[in-house]
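In the numbering used here, the protein residues as written are 48 to 199.
Every residue, glycine too, gets a C-beta built ideally from N, C-alpha and C.
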């Protein structure tokens, strides 16, 4: 299977890959107890992004955004956090970069509860300003997965 991850790709690989859409995993870097790594949210979202890319032709996997809005975990050791405004600005600038390079369809896979509002607001604002850009958001994969699982 050809490389789909932009971070591992050459310029030739991108130009010859036929990419017309992208997926962005957004996570966090925060304490998840003594049993899970700090990057759990980012790693899960990235894994989901790669799984989607295996099934969708022309889908470019962007490097994951490993920081999010984690102020509510600030009392735990090394919760790296962005303000809501900073996260929204980073996202809008990523959207703008993609649009400038002809990628007009984006799927965001969020892996962290604290990011939901900022992602939704940034995507909504950008869609209004740039209706030619289509942005879909899987804001809480854990809720979507739970709805698919049998109860009991």
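- Message: Please report the straight-line C-alpha distance between residue 80 and residue 159, rounded to a whole angstrom.
- Response: Here residue 80 corresponds to residue number 33 of the chain shown, with the count starting at 1. Here residue 159 corresponds to residue number 112 of the chain shown, with the count starting at 1. Distance between the alpha carbons of residue 80 and residue 159: 15 Å.
_Between 67, 172, 171, which has its C-alpha nearest residue 107's C-alpha?_
On the chain shown, residue 107 is found 60 positions in, with the first residue counted as 1. With distances taken between Cα atoms, residue 107 lies closest to 67.
For residue 74, the three-state DSSP class (helix, strand or coil)
Indexing the chain shown from 1 puts residue 74 at position 27. Note: residue 74 maps to coil in three-state DSSP.
query = My guess is that residue 69 and residue 109 are in contact by the Cβ rule of under 8 Å, so how many angstroms apart are they, rounded?
reply = Your numbering for residue 69 matches position 22 in the chain shown. Your numbering for residue 109 matches position 62 in the chain shown. Contact holds; Cβ gap of about 5 Å.
Quick check on this structure: which residue in 51, 181, 55 has the alpha carbon closest to the alpha carbon of residue 65?
Indexing the chain shown from 1 puts residue 65 at position 18. Residue 51 is the option with its Cα nearest to residue 65.
Assumed close pair residue 127, residue 57 - CB separation to whole angstroms, cut-off 8 Å | Sequence index remark: in the chain shown, residue 127 carries index 80 (1-based). Sequence index remark: in the chain shown, residue 57 carries index 10 (1-based). Wrong, their Cβ atoms sit about 30 Å apart, outside the cutoff.
### Task
Please report how far the alpha carbon of residue 185 lies from the alpha carbon of residue 59, in whole angstroms.
Here residue 185 is taken as the residue at index 138 of the chain shown, counted from 1. Here residue 59 is taken as the residue at index 12 of the chain shown, counted from 1. Each residue's alpha carbon lies about 30 Å from the other.
Identify whether residue 64 lies in helix, strand or coil by the three-state DSSP scheme. Here the question's residue 64 lines up with position 17 in the chain shown. It is coil, neither helix nor strand.
Continuous beta strand (DSSP E) stretch holding residue 152: start and end: By 1-based counting over the chain shown, the position of residue 152 is 105. Where residue 152 is concerned, the enclosing beta strand (DSSP E) starts and stops at 152-157.
Residue 135 versus 122, 121, 125, 115, residue with shortest Cα-Cα distance: Residue 135 sits at position 88 when you count from the first residue of the chain shown. Nearest C-alpha to residue 135: 115.
Requested in this report: Report the option in 118, 191, 101 whose CA atom is closest to the CA atom of residue 78.
Outcome: One-based indexing of the chain shown puts residue 78 at position 31. The candidate whose alpha carbon is nearest that of residue 78 is 118.
For residue 57, the three-state DSSP class (helix, strand or coil): Residue 57 sits at position 10 when you count from the first residue of the chain shown. Coil at residue 57, not helix or strand.
Inset, instruction - Below 8 Å CB to CB, which residues in the same chain sit around residue 98 once its five sequence neighbours on both sides are set aside? - result: The count along the chain shown starts at 1 and reaches residue 98 at position 51. So the list is empty, once near-sequence residues are dropped.
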